[in-house]
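*Asks:* Using this note's numbering, the letters of the sequence shown map in sequence onto residues 680 to 797. My questions will all concern the structure given below.
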Amino acid sequence: MILMATRGLPELDVARAQRWAANQVPEHVRDEIRVECDIAARHLTICECRPPWREDFGPEWTRFPIARLHFTKTTGLWTLYWRDRNLKFHRYRYLEPSPHIHDLLEYLDQRSDPIFWG
680 MILMATRGLP ELDVARAQRW AANQVPEHVR DEIRVECDIA ARHLTICECR
730 PPWREDFGPE WTRFPIARLH FTKTTGLWTL YWRDRNLKFH RYRYLEPSPH
780 IHDLLEYLDQ RSDPIFWG
């Protein structure tokens, strides 16, 4: 049985992704940069977050989407998407969908494709 979060995503996978994101940046620089997960009904978006660089821009951190992990409930598969310069997401064709979110996070960890981390 798959546990579902209130938004329809497997709770354990959401927790894994959030833990993974928090561990991407050493604690001593988290006031300068963070990696976070934005949770939606059918996907997680991995975002790089930076503090405001000018006081007149307000206290909000800038969120830069890195990748999207889409969950298909009927198949139980996670699929990786990349973001283009127009802020649109496209299926990443070099990694097959997986029932394990860990496979997608591990691929992002390798940083082998600059389409995600630059």
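All residues carry an ideal CB built from backbone N, CA and C; glycine is no exception.
Smallest Cα separation from Arg747: which of Ser791, Asp763, Glu690 and His707?
*Replies:* Asp763
*Asks:* Run the CB neighbour count on His769, radius 10 Å, all protein chains shown included, and call it buried at 16 or more, exposed below.
*Replies:* exposed
*Asks:* Based on the DSSP output, what are the partners of Trp761 in its beta bridges?
*Replies:* Ala746 and His769
*Asks:* Cβ of Glu727 within 8 Å of Cβ of Val708?
*Replies:* no
*Asks:* For the alpha helix (DSSP H) containing Asp782, list its first residue and its last residue.
*Replies:* Ile780 to Gln789
*Asks:* At least one CB of chain D closer than 8 Å to the CB of Val693: is that the case?
*Replies:* Absent here is chain D; the protein component of the structure consists of one chain.
*Asks:* Nearest-angstrom Cα distance between Trp699 and Asp735?
*Replies:* 32 Å
*Asks:* Could you round the C-beta distance between Ile718 and Leu759 to whole angstroms and report it? I think they count as a contact, below 8 Å.
*Replies:* 16 Å between Cβ atoms; not a contact.
*Asks:* To the nearest angstrom, how far is it from the Cα of Gln703 to the Cα of Ala696?
*Replies:* 11 Å
*Asks:* Distance, Cα to Cα, Glu775 vs Pro793?
*Replies:* 18 Å
*Asks:* Tell me the rounded alpha-carbon separation between Leu723 and Pro731.
*Replies:* Those two C-alpha atoms are separated by around 24 Å.
*Asks:* At what residue ranges does the segment 687 to 738 contain a whole run of the alpha helix (DSSP H), taking only runs of 4 or more?
*Replies:* 690 to 701
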